[in-house]
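Working notes, beginning with the structure itself.
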Amino acid sequence: MQEFLQGRIWLRELLPFGQEAVDGLIRDGLIGTVPGITTVRKWHGGTASRCNRCLSEDARHFHAFNCRKCGKICRYCRHCLNMGRVAQCDELLYWSGPDLPPAGNAVLAWKGRLTPLQERAAGELEESLLARRTHLLHAVCGAGKTEILFGPVHRLLSEGKRVCIATPRTDVVLELLPRFEKAIGETVIHGLYGGSGHGDGLAGLVIATTHQLFRFREAFDAVIVDEADAFPYSFDRTLRLAVRKALKSDGVLAVVTATPSPSILSEIGREGRRSVIPVRFHGHPLPVPRAAPLFGYRKKISEGKIPERLKTWTLERLRKEEPFLIFFPSIPLMEQCLPLFSSLDAGIGAVHASHPERRSLVMALREGRVPGLLTTTILERGITIPRLQIAVVGSEKTVFDRSAIIQISGRAGRSPEHPDGEVILFHHGITPEMDAAVREIRRLNLEGRKTFGMPAL
Ligand SMILES: [Zn+2]
Ligand SMILES: [Zn+2]
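Sequential numbering from 140 applies to the sequence shown in our numbering.
If you want it as structure tokens, here you go:
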């Protein structure tokens with residue numbers, strides 16, 4: 140039971156063990172309990188409900204209901220409801236006995252080579268983690284940040300520490316898990332996301348969605364938040380609290396991102412260290428997006444026509460047989476467009492977050508079996524397709540903020556054989572976010588050129 144419960148906080152009813160055994164360990168002081176929801180005093184003198192699993196204190200998250208268990212009007216938390224309902228009369232359990240070290244003796248099986256910039260960043264990150272100093276790794280899209288993490292993570296594991304890599308997106312967990320399983324041997328690694336199961340044994344390394352951190356408590360010596368700014372989440376209050384709760388009291392936080400937002404920078408604070416990798420692992424600059432007006436595109440599309448410029452762009456990609464992605468601000472607009480694009484080429488498909496064939500369509504694009512895909516921002520990260528060309532339709536919409544545009548642009552030109560690719564922002568009016576994204580990319584490219592000019596590297 141310790142293997143399961145150590146570092147976790149779990150609803151008593153959902154523990155996969157007999158209640159008698161649980162009661163025994165509570166009596167022996169090896170398992171601690173807290174009520175599911177408590178009332179806390181606020182600074183203004185009033186009170187608020189707090190969910191002891193997700194730590195929400197937002198009044199909108201709490202609902203009163205007629206509880207069959209306690210026979211009273213009880214409250215439950217809606218914020219973390221999909222992990223099983225936490226009500227006021229429920230008990231949350233955690234391991235309060237001495238901690239076991241994670242099993243195994245981690246071995247670094249990865250034998251690849253880092254670029255000098257990657258190596259410097261890996262060294263700095265490792266130093267910070269060992270010194271328990273907050274660290275920001277600001278690495279542009281395509282800088283090879285996963286490889287940078289292998290060394291520092293292995294170092295902590297080999298010292299018997301528990302490490303968590305947390306990311307807002309299930310896609311990223313699914314991408315990282317096999318890479319770490321290959322890179323670091325002889326250690327238990329869990330991949331946790333909605334519907335994943337809980338994993339066997341006591342894991343040294345947990346790769347989890349940030350949501351899953353609600354289920355941990357004083358578990359990790361280090362939490363590395365990857366893609367911290369990923370849309371639609373951001374490094375918001377709930378996430379910050381979840382990370383803090385999952386960390387041991389002397390645990391250390393590191394944040395990895397291609398687009399540090401002001402809230403990330405404030406979380407890192409003055410004491411934190413920062414490593415910047417302004418260039419991609421192949422040394423070529425990031426593609427700078429180009430804005431192109433597409434005024435009145437909605438009207439044109441609703442009339443059943445692809446706006447002229449967009450049509451020309453698409454036909455050009457088809458003619459040159461260059462794989463392409465066209466990003467849309469919403470699913471309805473994308474679905475409205477799909478038949479129009481299908482008339483240009485029947486192979487063009489469309490994907491969005493809950494699309495059942497999402498993965499196979501992306502694979503088909505990678506293998507050249509479909510010429511291009513329409514997509515929502517779900518594909519902004521985590522895909523690498525050589526020669527990929529990118530268009531954004533409606534780049535003035537709020538979903539395409541600075542960070543999303545930088546991420547989307549980062550999909551192009553990722554392979555060393557084809558380091559450039561076109562990124563075109565079709566818009567109905569240029570926004571400050573578009574300008575900010577272009578400025579930031581130019582700044583990083585400039586910084587990259589300077590860094591490469593330095594004789595030390
Ligand atoms: Zn909750
Ligand atoms: Zn109740």
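Note that beta-carbon positions come from the ideal geometry of N, C-alpha and C, so glycine has one too.
- Message: Could you tell me the alpha carbon to alpha carbon distance between residue 350 and residue 437, rounded to whole angstroms?
- Response: Along the sequence shown, read from residue 1 onward, the residue named residue 350 stands at position 211. Along the sequence shown, read from residue 1 onward, the residue named residue 437 stands at position 298. The alpha-carbon atoms of residue 350 and residue 437 are separated by roughly 36 Å.
- Closer than 7 Å: residue 213 CB and nearest ligand 1 heavy atom: Counting from one through the sequence shown, the residue named residue 213 turns up at place 74. Residue 213 Cβ: outside cutoff for every heavy atom of ligand 1.
- Task: Determine contact between the stretch 237-254 and the stretch 291-303, defined as no fewer than three beta-carbon pairs at a distance below 8 Å.
- Result: Taking a contact to require three or more Cβ pairs closer than 8 Å, the stretch 237-254 and the stretch 291-303 qualify as touching.
- residue 545 bridges to which residues according to DSSP? By 1-based counting over the sequence shown, the position of residue 545 is 406. In the DSSP output, where bridge partners are listed per residue, residue 545 has none listed.
- Item | Residue from 515, 288 and 395 whose Cα sits closest to the Cα of residue 470 | Position 331 of the sequence shown holds residue 470. Of the candidates 515, 288 and 395, the one whose C-alpha sits nearest the C-alpha of residue 470 is 515.
- Length at least 4, wholly inside the stretch 444-472: the alpha helix (DSSP H) runs in chain order: Along the length of the stretch 444-472, whole alpha helix (DSSP H) runs at least 4 residues long occupy 447-459, reported in chain order.
- With DSSP run on the structure shown, which of helix, strand or coil describes residue 370? Within the sequence shown, numbered from 1, the residue matching residue 370 stands at position 231. Legend: pLDDT at residue 370 = 49, less than 50; position of this residue unreliable, value from coordinates given subsequently. Residue state, collapsed to three classes: coil.
- Task: Pick helix, strand or coil for residue 204, following the three-state DSSP scheme.
- Result: For this step, residue 204 is matched to residue 65 along the sequence shown. If DSSP states are grouped into helix, strand and coil, residue 204 belongs with the strands.
- Message: Would residue 234 and residue 170 qualify as a contact pair, given that the criterion is a beta-carbon distance under 8 Å?
- Response: Within the sequence shown, numbered from 1, the residue matching residue 234 stands at position 95. Within the sequence shown, numbered from 1, the residue matching residue 170 stands at position 31. The answer is yes: Cβ separation under 8 Å.
- At what residues does the beta strand (DSSP E) containing residue 512 begin and finish? In the sequence shown, residue 512 corresponds to position 373, counting from 1. Membership of residue 512 in the beta strand (DSSP E) is indicated by the continuous run 511-514.
- Query: Roughly how far, in whole angstroms, is the beta-carbon of residue 359 from the beta-carbon of residue 385, given that I think they are within contact range, below 8 Å?
  - Reply: On the sequence shown, residue 359 is found 220 positions in, with the first residue counted as 1. On the sequence shown, residue 385 is found 246 positions in, with the first residue counted as 1. Rounded, the Cβ-Cβ distance is 6 Å, consistent with contact.
- If you run the structure through DSSP and keep just helix, strand and coil, what is residue 291? Within the sequence shown, numbered from 1, the residue matching residue 291 stands at position 152. Of the three classes helix, strand and coil, the one that applies to residue 291 here is helix, per DSSP.
- Inter-residue spacing [alpha-carbon to alpha-carbon] between residue 313 and residue 333: Residue numbering aside, residue 313 sits at position 174 when the sequence shown is read from its first letter. Residue numbering aside, residue 333 sits at position 194 when the sequence shown is read from its first letter. If I take the Cα positions, the gap works out to 12 Å.
- In the DSSP assignment, what residue or residues form a beta bridge with residue 365? Position 226 of the sequence shown, counted from the start, is the residue given in the question as residue 365. Paired residues: 395.
- Message: Measuring only from the beta carbon, is residue 203 closer than 7 Å to any heavy atom that is part of ligand 2?
- Response: The count along the sequence shown starts at 1 and reaches residue 203 at position 64. Checking every heavy atom of ligand 2 against the Cβ of residue 203, none is found closer than 7 Å.
- Among residues of its own chain, excluding the 5 on either side of residue 526, which ones have a beta-carbon nearer than 7 Å to its beta-carbon? Translated into positions along the sequence shown, residue 526 becomes position 387. The answer, listed in chain order, is 461, 462, 557 and 560.
- Message: Quick check on the contact list: which residues have their beta carbon closer than 6 Å to a heavy atom of ligand 1?
- Response: In chain order, the qualifying residues are 190, 192, 193, 195, 216, 218, 219 and 225.
- Task: Could you spell out where the alpha helix (DSSP H) holding residue 528 opens and where it closes?
- Result: Stepping through the sequence shown from its first residue, residue 528 is reached at position 389. Segment 528-532 is the beta strand (DSSP E) holding residue 528; no alpha helix (DSSP H) there.
- Item | residue 407 versus residue 389 - alpha carbon distance | In the sequence shown, counting from the first residue as 1, residue 407 sits at position 268. In the sequence shown, counting from the first residue as 1, residue 389 sits at position 250. Distance between the alpha carbons of residue 407 and residue 389: 16 Å.
- Output the boundary residues of the alpha helix (DSSP H) element that contains residue 161. Numbered from 1 along the sequence shown, position 22 holds the residue referred to as residue 161. In this chain, the alpha helix (DSSP H) harbouring residue 161 covers 158-166.
- Contact between the stretch 143-158 and the stretch 217-234 (3+ Cβ pairs under 8 Å): Yes, since at least three Cβ pairs between the stretch 143-158 and the stretch 217-234 fall closer than 8 Å, the two stretches touch.
- Message: What does the alpha-carbon distance come out to for the pair residue 450 and residue 203?
- Response: For the purposes of this step, residue 450 is taken as the residue at position 311 of the sequence shown. For the purposes of this step, residue 203 is taken as the residue at position 64 of the sequence shown. C-alpha separation (whole angstroms): 53 Å.
- Distance cut-off 7 Å: residue 536 Cβ against heavy atoms of ligand 2: One-based indexing of the sequence shown puts residue 536 at position 397. No, ligand 2 has no heavy atom inside 7 Å of this Cβ.
- alpha helix (DSSP H) segments (min. 4 residues) lying fully within the stretch 227-309: Runs of the alpha helix (DSSP H) inside the stretch 227-309: 255-269 and 284-297.
- DSSP state of residue 211 mapped onto helix, strand, coil: Numbered from 1 along the sequence shown, position 72 holds the residue referred to as residue 211. Looking at residue 211 - three-state DSSP - the assignment turns out to be coil, as it is neither helix nor strand.
- Query: How should residue 473 be labelled, buried or exposed, when 16 other C-beta atoms within 10 angstroms of its C-beta is the threshold for buried?
  - Reply: Reading the sequence shown from its first residue, position 334 is the one you call residue 473. By the neighbour-count criterion, in which 16 or more other beta carbons inside 10 Å mark a residue as buried, residue 473 falls on the buried side.
- Query: Which value, in whole angstroms, describes the spacing of the CA atoms of residue 283 and residue 567?
  - Reply: The residue given as residue 283 occupies position 144 in the sequence shown. The residue given as residue 567 occupies position 428 in the sequence shown. In this structure, the alpha-carbon of residue 283 lies about 34 Å from that of residue 567.
- Span of the beta strand (DSSP E) around residue 564: Locating residue 564 in the sequence shown gives position 425, where the first residue counts as 1. Counting along the chain, the unbroken beta strand (DSSP E) around residue 564 starts and ends at 562-566.
- Item | Any non-hydrogen atom of ligand 2 closer than 7 Å to residue 208 Cβ | Here residue 208 corresponds to residue number 69 of the sequence shown, with the count starting at 1. Relative to the non-hydrogen atoms of ligand 2, the Cβ of residue 208 comes within a distance shorter than 7 Å of at least one.
- Message: Among 196, 191 and 190, whose alpha-carbon lies nearest the alpha-carbon of residue 182?
- Response: Counting from one through the sequence shown, the residue named residue 182 turns up at place 43. Selected option, being the one with the closest Cα: 196.
- Contained beta strand (DSSP E) runs [length at least 3] in the stretch 374-436, N- to C-terminal order: Entirely contained in the stretch 374-436, the beta strand (DSSP E) runs reaching 3 residues are, in chain order, 386-396, 412-416 and 429-432.
- Alpha-carbon to alpha-carbon, residue 578 and residue 433: Within the sequence shown, the letter at position 294 stands for residue 433. Within the sequence shown, the letter at position 439 stands for residue 578. Whole-angstrom Cα-Cα distance: 22 Å.
- residue 310, buried or exposed, once every other Cβ within 10 Å from all chains shown has been counted against 16: The sequence position of residue 310 within the sequence shown is 171, counting from 1. By the 16-neighbour rule on beta-carbons within 10 angstroms, residue 310 is buried.
- Message: Is the beta carbon of residue 208 closer than 8 Å to that of residue 228?
- Response: As a first step, residue 228 must be located in the sequence shown, where it is residue number 89. As a first step, residue 208 must be located in the sequence shown, where it is residue number 69. Result yes, Cβ atoms of residue 228 and residue 208 sit closer than 8 Å.
- Item | Backbone CA spacing between residue 543 and residue 441 [nearest angstrom] | Translated into positions along the sequence shown, residue 543 becomes position 404. Translated into positions along the sequence shown, residue 441 becomes position 302. About 26 Å.
- Residue(s) in a DSSP beta bridge with residue 326: For the purposes of this step, residue 326 is taken as residue 187 along the sequence shown, with counting starting at 1. Residue 326 has 243 as its beta-bridge partners, per DSSP.
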